[in-house]
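Position one of the sequence shown corresponds to residue 34 (the numbering used here), numbered consecutively onward. One structure is given here, and the rest of the page talks about it.
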Amino acid sequence: MQPPRSVRHAGHRRRLAVAAVVLLCAAAAAVLPPSAAAADGGPPWTAAPSGDGRPYFYLEGVAGTVFEDTLSLTNPGSEPRTVGLRGTGKGAGAWIVLATPELKIPPRTRAEVPFTVTVPPGAAPGDHTGAIVASGAGRETDVRVHLRVSGPRLAALTVEDVTVSSQGDGAVIAYALVNRGNTTLTPRLAVRAEGLAGGDLLHRAPRTLPERLAPGERVERTEPWPDAPALDAATVRLTATAAGGARGEATASASFVPWPTVTGAALLVLAAGGAAARHVRRRRTPPTTPTAPPTTPERHLAQAGATT
Numbered sequence: 034m035q036p037p038r039s040v041r042h043a044g045h046r047r048r049l050a051v052a053a054v055v056l057l058c059a060a061a062a063a064v065l066p067p068s069a070a071a072a073d074g075g076p077p078w079t080a081a082p083s084g085d086g087r088p089y090f091y092l093e094g095v096a097g098t099v100f101e102d103t104l105s106l107t108n109p110g111s112e113p114r115t116v117g118l119r120g121t122g123k124g125a126g127a128w129i130v131l132a133t134p135e136l137k138i139p140p141r142t143r144a145e146v147p148f149t150v151t152v153p154p155g156a157a158p159g160d161h162t163g164a165i166v167a168s169g170a171g172r173e174t175d176v177r178v179h180l181r182v183s184g185p186r187l188a189a190l191t192v193e194d195v196t197v198s199s200q201g202d203g204a205v206i207a208y209a210l211v212n213r214g215n216t217t218l219t220p221r222l223a224v225r226a227e228g229l230a231g232g233d234l235l236h237r238a239p240r241t242l243p244e245r246l247a248p249g250e251r252v253e254r255t256e257p258w259p260d261a262p263a264l265d266a267a268t269v270r271l272t273a274t275a276a277g278g279a280r281g282e283a284t285a286s287a288s289f290v291p292w293p294t295v296t297g298a299a300l301l302v303l304a305a306g307g308a309a310a311r312h313v314r315r316r317r318t319p320p321t322t323p324t325a326p327p328t329t330p331e332r333h334l335a336q337a338g339a340t341t
């Protein structure tokens, strides 16, 4: 892969780039063979770095450099296509200037669109990311731009906001990774959880995550824990590492209590306690002695007293 040329006078080169792309499209300088025509259901157009098979643009140099490169737009179909172009991203994307913001590509034609990336003199050393966004005919795609500014590199990674919550019969660990340095990182993660008695409840060796963190980027992820304990207290520890000595660690505490079982047992205990208390009260209460009915003479005296 040939590195892009760096120039000092970007304004003059940019005017030439505009003329070059317009001339190319007007003349249809790169006509594709019929075999390259779009198949049924294929994309109406494609965008990629010019050259042989580059998956993205990679630029490297000191602050203050102006880079030049070329984006290739291909229309394999039988109808002309209009494609809009713009740079995006807080880093390198903000420094991209395209030769034209919009391009009409004739059928079966490949157009080369020059662009420049002007690195500010005060740009921080490290990796800066961006992209060229191409859109048209109901389709949008990004072509990535990776820029590395020469200078001291700092690899720094933190693990933040770790939480553990129940999910079904298990649990889920949520966390965030933040790139605190100035170089792009591909993190590795190790997970460990210790129970109340000190034994390992969970032990996962370091593995590479499917993430590329640009400087300053934050990503939120989750880690499933399907076999979390039913009854225990745990300390969960996440350790993230990356090339360049980056290392971050964070912990969280979690309690696992089977509340339906505990609630049911508590209700049974309360019911049994209530029954026992009622039984004790019945045993302590003395029996009531029935009152004998009055005898016949007593009834006569009572009646006589009532009539006097």
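Note that the Cβ used here is the ideal one computed from N, Cα and C, for glycine as well.
With residue i and residue j assumed to form a contact (beta carbons below 8 Å), what rounded beta-carbon distance in angstroms separates them?
i    : j    : result
L218 : L246 : 5 Å
G94  : S168 : G94 to S168, Cβ: 29 Å. No contact.
A170 : P77  : 4 Å
V166 : R119 : 5 Å
G122 : A164 : 6 Å
Y208 : L106 : Y208 to L106, Cβ: 41 Å. No contact.
N212 : E250 : 5 Å
In whole angstroms, give me the CA-to-CA distance for residue i and residue j.
i    : j    : result
L136 : E244 : 33 Å
T216 : V290 : 43 Å
T162 : A125 : 5 Å
V150 : G75  : 31 Å
S354 : Y89  : What the structure shows of the chain is the stretch from 34 to 341, and residue 354 is not part of that stretch, so it cannot be assessed.
L131 : P262 : 57 Å
A204 : L235 : 12 Å
T274 : L222 : 7 Å
R254 : L210 : 8 Å
A285 : V269 : 5 Å
I129 : Y91  : 13 Å
A188 : A276 : 7 Å
D265 : G278 : 35 Å
S198 : T98  : 49 Å
R143 : G214 : 39 Å
A299 : D202 : Only weak support exists for where A299 lies, its pLDDT of 45 falling under 50; the value from the coordinates is given anyway. A299 and D202: Cα-Cα distance of roughly 22 Å.
D260 : D85  : 49 Å
W258 : P239 : 16 Å
A127 : Q200 : 42 Å
A146 : I138 : The sequence given here places Val at residue 146; Ala does not occur at that position. So the two alpha carbons sit approximately 11 Å from each other.
S111 : D175 : 24 Å
A267 : D194 : 17 Å
A157 : A80  : 30 Å
V192 : F100 : 35 Å
Taking a contact to mean a Cβ-Cβ separation below 8 Å, would you say residue i touches residue j in this structure?
i    : j    : result
I10  : E282 : This structure does not reach residue 10, given that the chain is present from 34 up to 341, and the question cannot be answered.
P134 : G117 : yes
R177 : G159 : no
L180 : F148 : no
P109 : R141 : yes
P153 : L190 : no
V252 : R237 : no
Using DSSP's beta-bridge definition, name the partner residues of residue i.
i    : result
V192 : L210
G203 : Q200
R280 : T274
S105 : A81 and E145
A267 : A287
V95  : DSSP lists no partner for V95.
P113 : P113 pairs with nothing; no bridge assigned.
R18  : Not covered by the structure: residue 18. The range shown for the chain is 34 to 341.
P257 : V205
V224 : R237 and L271
T151 : V99
Under a Cβ-count criterion, where at least 16 other Cβ atoms within 10 Å of its own Cβ denotes burial, should residue i be classed as buried or exposed?
i    : result
T241 : exposed
T196 : exposed
P248 : buried
A226 : buried
G231 : exposed
T233 : Rather than Thr, the amino acid found at residue 233 in this sequence is Asp. Exposed is the call here.
D102 : buried
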